[in-house]
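Peer 1: Before anything else, here's the structure in question.
Quick look at the structure:
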């Protein structure tokens, strides 16, 4: 028998004590004027549940003629303290209805009251359940975690995220609001898993975001515009390792912004890069290299009859929005959800195995050719009685001319996000307005330009496929 089976009733009874209006012997006043609220409580519960309240109660013992002990906590909001108080009594906290800012406030209050068990639980909840929240609100979480030495797990997570997956921070909704000091600490990291040209592009993006009046096109800049951007980025420029760029990257990405660089750096860069004959070569030993964690093909876990590990690696880079020359810094598992030859070439079987599955790659082998077609759907497939669209700006479709050579490919990104993906119970995977429709009839498919930026086939004739596979992409 599970000894914990009796605890829910105990928790419920203890929570009921909070509503007791007869036997309480303490009141707790929280908040500041005009938003102040007083809660009834019981000294014995507070004394043994919170070491902070234990110290207060020990130094402010009730006198014999006093009816109640009164505690003031002006730094904690009433709505936050109510959550904390229910935890103190019932040992439970439900977080599903709260956003990340509220959970950070609960964390802060738990720290003030020395509730280490709750602190550990909240950190674990954010890291394991709400990692996407942390990524999208990184600035808030990072600052909160390093303002308090109790939040060690959050500190470790943020530090690892900065080093291993900086793209998630740079692509977050509030990237432009990241403080200059935090951005400087990120780009100084020797282990930053990002190419130097990407670092430079993100720093430029941040600088321009601080000055909304600036154009994203430097050819339209006035002298005043260059000076504005120069002043904004002057504390960050020294941390860009320009000499880790190739000659072509310097020419394409840095040269247009030379007027924002210090004169001595500008002259040395021009002298260095203009002497390089190979556009893909880099100056040697002038900038400290970043330590990239290279991912070899053994870190791509896939079992496919259509594509190779090399194809999977390239597709993984497209999903991560990396350049072909960039290194993958994470491992990827291609989990097979559906295979036509195994499960049946019917829309019904496709939906049976793939509905409600997101982050999927579809690949198809065209009959009587070496051609491979495919697409990435970051949102979930669904069954629909009528033609119904799913919106995303991150999907793409692609083709390879040969199953042995990965260099001959066409990559096409969605340009009309509202019609990126279609769902229909009588069809297989549908990308765009006809851009890539598979299993519209048994084995029958079509491909013509509609919602994506280019056609992935040379002909718009209908075609048949001899194999179809759908994988869910799991980043490990």
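Residue numbers (my numbering): 5 to 480.
Backbone N, C-alpha and C fix where the C-beta goes; we use that ideal spot for every residue, glycine too.
Note that the structure is a prediction, hence the values are computed from the model and not measured.
Answer yes or no: do residue 164 and residue 334 have a C-beta to C-beta separation smaller than 7 Å?
Peer 2: No, they are not a contact pair.
Peer 1: Say whether the region 168-177 touches the region 193-206, bearing in mind that this needs 3 or more beta-carbon pairs closer than 8 Å, one atom from each stretch.
Peer 2: Counting Cβ pairs under 8 Å, three or more are found: they touch.
Peer 1: Put residue 203 into one of helix, strand or coil per three-state DSSP.
Peer 2: Three-state result, residue 203: helix.
Peer 1: Could you tell me which of 225, 343, 57, 355 sits nearest to residue 118, measuring between CA atoms?
Peer 2: If we check each option's Cα against that of residue 118, 57 comes out closest.
Peer 1: Could you tell me the alpha carbon to alpha carbon distance between residue 191 and residue 103, rounded to whole angstroms?
Peer 2: Near 29 Å, if we compare the C-alpha coordinates of residue 103 and residue 191.
Peer 1: Could you name the residues that DSSP lists as bridge partners for residue 30?
Peer 2: Residue 30 pairs with 45, 73.
Peer 1: Is residue 468 helix, strand or coil when you go by DSSP?
Peer 2: Strand at residue 468.
Peer 1: Sorted by chain position, which residues of the same chain lie with C-beta nearer than 7 Å to residue 13's C-beta, five sequence neighbours on each side aside?
Peer 2: Within the same chain, residue 13 has no close Cβ partners at all.
Peer 1: What residues in its chain sit with their C-beta under 6 Å from that of residue 234, if we drop five residues either side in the sequence?
Peer 2: Contacts found: 264.
Peer 1: Which residues does DSSP list as the beta-bridge partners of residue 426?
Peer 2: DSSP, once it has assigned bridges, lists 393, 434 as partnering residue 426.
Peer 1: DSSP three-state label for residue 136, please.
Peer 2: Helix, per DSSP.
Peer 1: For residue 148, collect the residues of the same chain with a Cβ closer than 6 Å to its Cβ; drop the 5 residues on either side in sequence, then sort them by chain order.
Peer 2: Here the set comprises 108.
Peer 1: Beta-carbon separation of residue 464 and residue 452 under 7 Å?
Peer 2: Cβ atoms of residue 464 and residue 452: closer than 7 Å.
Peer 1: Please report the Cβ distance between residue 161 and residue 182, rounded to the nearest whole angstrom; I am assuming they are in contact, meaning their Cβ atoms lie under 8 Å.
Peer 2: Wrong, their Cβ atoms sit about 17 Å apart, outside the cutoff.
Peer 1: Start and end of the beta strand (DSSP E) containing residue 449?
Peer 2: It spans 448-450 - the beta strand (DSSP E) in which residue 449 sits, taken as one unbroken run.
Peer 1: Could you tell me the boundaries of the alpha helix (DSSP H) in which residue 111 lies?
Peer 2: Run containing residue 111: 104-116, per the alpha helix (DSSP H) assignment.
Peer 1: Taking the beta strand (DSSP E) that residue 379 falls in, what are its first and last residues?
Peer 2: Here the beta strand (DSSP E) through residue 379 covers 376-381.
Peer 1: Counting C-beta neighbours from all protein chains within 10 Å, is the total for residue 77 16 or more, i.e. buried, or is it exposed?
Peer 2: Buried, since its Cβ has 16 or more Cβ neighbours within 10 Å.
Peer 1: Within 10 Å of its beta-carbon, does residue 45 have 16 or more other beta-carbons around it, so buried, or fewer, so exposed?
Peer 2: The residue is buried, with at least 16 neighbouring Cβ atoms inside 10 Å.
Peer 1: Using the C-alpha atoms, what's the distance from residue 224 back to residue 439?
Peer 2: About 36 Å.
Peer 1: Restricting to runs no shorter than 3 residues, where is the beta strand (DSSP E) found entirely within the region 175-235?
Peer 2: DSSP runs (the beta strand (DSSP E)) wholly in the region 175-235: none.
Peer 1: Nearest-angstrom Cα distance between residue 139 and residue 145?
Peer 2: Approximately 9 Å, taken between the alpha carbons.
Peer 1: In terms of residue numbering, what span does the beta strand (DSSP E) encompassing residue 80 cover?
Peer 2: First-last for residue 80: undefined, no H or E at that position.
Peer 1: Taking the alpha helix (DSSP H) that residue 142 belongs to, which residues open and close that run?
Peer 2: Start and end: 142-150.
Peer 1: Does the beta-carbon distance from residue 32 to residue 84 come in below 7 Å?
Peer 2: Cβ atoms of residue 32 and residue 84: not closer than 7 Å.
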